[in-house]
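Here's the structure, in structure tokens; my notes come after.
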Amino acid sequence: MNPNFCVPFSTTNIASAKLAMDLGWIETNYSISSACATGNFCILSSANHIIRRETDLMLCGGSAGVIIPISTDGDGFVFREGAGVLLSEELQHAKARGAKIYAEFHGRSFSFDAHHLTLPHPDETGTAICIERALAQSGMDKDVLVGTRKERLEIKVALSNSFGFACQNSTTLFAPYK
């Protein structure tokens with residue numbers, strides 16, 4: 001192994017560092033590791049840098065690899081991988097360069113259920129608190145939100161608790177750009 005890359009290539013931020021080197025980007029560059037919430041933490045952290053006016057643009061994202069048993073007797077595996085990257089930009093900066101705006105970021109929050117390392121709390125208290133804080137921070141009324149139907153029970157429970165409609169017609173929330 002090349003000693004110039006021994007330590008750098010064993011760190012979690014090597015992918016973002018390599019991309020920044022290729023693009024010549026010299027500002028903030030770090031990596032977050034938070035299991036299945038990593039992508040969400042990256043998006044919120046990039047938004048925080050923009051909100052604090054530390055930068056006008058942030059590239060953030062996450063990747064995941066999943067190993068799934070092919071059968072119940074465990075005689076094989078299917079390997080799946082995926083990744084996503086989001087370019088976040090300060091609104092006036094985007095407008096000034098004539099960018100097409102797909103969404104506007106209004107509120108953010110973090111929470112933890114303090115229940116299990118990988119499973120959400122059955123009553124989704126932490127998730128509901130997170131949604132309520134993000135909505136409060138956004139200053140938006142719950143009634144202006146639009147969404148898409150989600151079939152995952154834990155999301156339904158959390159949204160129901162946040163919106164007070166007892167697990168009926170709950171949705172994933174998106175604020176339309178106007």
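Using the UniProt record's numbering, you'd call the opening residue of the sequence shown number 1 and step up by one each time. The beta-carbon is built from N, C-alpha and C at its ideal position, and this holds for glycine as well.
For residue i, is the classification buried or exposed, using 16 other Cβ atoms within 10 angstroms of its Cβ as the cut-off for buried?
i          : result
residue 87 : exposed
residue 63 : exposed
residue 34 : exposed
residue 36 : exposed
Helix, strand or coil for residue i per DSSP?
i           : result
residue 63  : strand
residue 89  : strand
residue 21  : helix
residue 57  : strand
residue 96  : helix
residue 132 : helix
Could you please give the first and the last residue of the uninterrupted alpha helix (DSSP H) stretch that includes residue i?
i          : result
residue 11 : Looking at the DSSP string, residue 11 is not in any alpha helix (DSSP H), and its letter there is neither H nor E.
residue 31 : Careful: residue 31 lies outside any alpha helix (DSSP H) and carries neither H nor E.
residue 44 : 38–51
Going by Cα to Cα distance, which pick from the options is closest to residue i?
i           : options         : result
residue 125 : 134, 117, 111   : 111
residue 129 : 108, 82, 25     : 108
residue 54  : 11, 98, 90, 127 : 90
residue 96  : 135, 56, 117    : 56
Going along the chain, which residues of its own chain have a beta-carbon closer than 7 Å to the beta-carbon of residue i, five neighbours each way excluded?
i          : result
residue 58 : 46, 49, 50, 88
residue 39 : 61, 62, 84
residue 94 : 101
Give every residue of the same chain whose Cβ lies closer than 6 Å to the Cβ of residue i, excluding the five residues on either side of it in the sequence, and list them in chain order.
i           : result
residue 44  : 108
residue 138 : 106, 107
Using a Cβ-Cβ cut-off of 8 Å (strictly less than) and excluding sequence neighbours within five positions of residue i, which residues of its own chain qualify?
i          : result
residue 81 : 63, 64, 65, 66
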